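J.: After the structure tokens below, expect a handful of questions from me.
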Amino acid sequence: MASSLQLGVFYALLAGVIWGISPLLFKRGLLSSNVSTGTLIEQTMSVVTLLVIVTAQTGLALPEISAKALLAFVAAGAVGASFGKIFYYKGIDKVGASKATSAKNSSPLLTAFLAVIVLGEELTFLILTGVILIVAGILVLTRVETKGEERGGPLGYFLYPLVAAACFGVNPIFKKLGVDTGSLPTVGAAIAQITGLAVMLTAGRFLNVKPKWERVPALSFFYFGLAGILEALGSLFTFYALIHAPAILVSPIWRISPLVTFVLARFTLRGIEVVTFRDGVAASFIVCGIFVLTWG
2 MASSLQLGVF YALLAGVIWG ISPLLFKRGL LSSNVSTGTL IEQTMSVVTL LVIVTAQTGL
62 ALPEISAKAL LAFVAAGAVG ASFGKIFYYK GIDKVGASKA TSAKNSSPLL TAFLAVIVLG
122 EELTFLILTG VILIVAGILV LTRVETKGEE RGGPLGYFLY PLVAAACFGV NPIFKKLGVD
182 TGSLPTVGAA IAQITGLAVM LTAGRFLNVK PKWERVPALS FFYFGLAGIL EALGSLFTFY
242 ALIHAPAILV SPIWRISPLV TFVLARFTLR GIEVVTFRDG VAASFIVCGI FVLTWG
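Under this note's numbering, the first residue of the sequence shown is numbered 2, with each subsequent residue one higher.
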């Protein structure tokens, strides 16, 4: 049992590191393109990557999957790989990769409470302490520093990553319900990403997001595509993590990504995004809260 939990934690950490790198690549791509086109390229590449993995694993035969698992994976894709992603990348464009990633990673609050209500997992004092730390980090994030001049950040901009946080908070619950049926994690990840792409091309228009193919510079296409591959791998590892451990444990762990993003942004986004000491404090609050939730 202990080895299974450790394996779940390992997969969750791996997903967190990968997802910490992905937004930096996406931000690079935005230098010569836009959020809608970048999201479409990223999501399409994610689907292609997972379909290649599924085909390599199962061949051309259609894998068996129960109706319950199918519905759960479709729901996970709708809230996580589509609406959550749309709001998340709009947040990256408005407030920057490090801030958007940190705010988005408040999602363990909702996941923890839903895990208790839906999955019957235990809510402890440490979990409540983790919630307080995460909320404190979000409050720090609402102060934006731009080019050395400190000012109050427009709170409306932070609604984008916070709505994304709500979507990503529900997402692990659906994933867990799906993998508990015994379905292959690769199949679950592929269904979720395909659903995300389909919803993005339809319902996304109601959010004034109209993904469409258009000419983009080769370098932007490269960054968006690479971000899509990492998104696919990160998503796949979360499914593997949920096979081996409870959602209330591994979901907070894979949200270590803001710390990864913050550290790397200081070196890779110079001249593109200003990352301040205050951003680091905010990310630290959130990451500390995540690990307190884990121990809870």
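Note that beta-carbon positions come from the ideal geometry of N, C-alpha and C, so glycine has one too.
Since the structure is predicted, the reported quantities are computational estimates derived from the model, not experimental observations.
What does the alpha-carbon distance come out to for the pair ILE257 and LEU227?
T.: So the alpha carbons of these two residues sit roughly 20 Å apart.
J.: Using only CA atoms, which one of ALA283, LYS177, SER37, LEU61 lies nearest to TYR89?
T.: For the residues ALA283, LYS177, SER37, LEU61, the minimum Cα distance to TYR89 belongs to SER37.
J.: Please state the DSSP three-state secondary structure of ILE66.
T.: The answer is coil: DSSP assigns ILE66 none of H, G, I, E or B.
J.: In this structure, how does DSSP classify VAL217 when only helix, strand and coil are distinguished?
T.: Looking at VAL217 - three-state DSSP - the assignment turns out to be coil, as it is neither helix nor strand.
J.: Taking only three categories from DSSP, how would you classify ALA26?
T.: The sequence given here has Leu at residue 26, not Ala. Three-state DSSP puts LEU26 in a helix.
J.: Classify PRO247 as helix, strand or coil using the three-state DSSP reduction.
T.: Coil at PRO247, not helix or strand.
J.: How many Å lie between PHE292 and PHE286 at the Cα?
T.: The straight-line gap from Cα to Cα measures roughly 10 Å.
J.: Is the CB-CB distance between SER221 and SER4 below 9 Å?
T.: In this structure, SER4 does not lie closer than 9 Å to SER221 by Cβ.
J.: Take the Cβ of ALA16 as the centre, count every other Cβ of all protein chains shown within 10 Å, and call the residue buried at 16 or more, exposed below.
T.: Counting Cβ neighbours within 10 Å, ALA16 comes out buried, since at least 16 surround it.
J.: Tell me whether the segment 188-196 and the segment 64-84 touch, counting them as touching only if at least three CB pairs, one residue from each stretch, are closer than 8 Å.
T.: Segments in contact, yes.
J.: Does the segment 246-254 touch the segment 58-71, meaning 3 or more C-beta pairs lie closer than 8 Å?
T.: No, because fewer than three Cβ pairs between the segment 58-71 and the segment 246-254 fall closer than 8 Å, the two stretches do not touch.
J.: Would you kindly work out how many angstroms separate the C-alpha atoms of THR147 and VAL141, rounded to a whole number?
T.: The pLDDT assigned to THR147 is 36, lower than 50, so where the model puts this residue is not dependable, and the model offers no usable value.
J.: Identify, in the order they occur along the chain, each residue of the same chain with its Cβ nearer than 6 Å to the Cβ of GLY153, setting aside the five sequence neighbours on each side.
T.: For GLY153, the pLDDT reaches just 39, beneath the cut-off of 50, and the residue's location in the model is therefore unreliable, although a value from the coordinates is still provided. For GLY153, where only same-chain residues beyond five positions count, there are no Cβ hits under 6 Å.
J.: ALA219: buried (16+ other C-beta within 10 angstroms of its C-beta) or exposed?
T.: ALA219 is exposed by the Cβ-count criterion.
J.: Considering Cα atoms alone, identify which of PHE240, TYR224, THR112 is closest to ALA193.
T.: Of the listed residues, the one whose Cα sits closest to ALA193 is PHE240.
J.: Output the distance between the C-alpha atoms of LEU41 and PHE263, rounded to the nearest integer angstrom.
T.: If I take the Cα positions, the gap works out to 25 Å.
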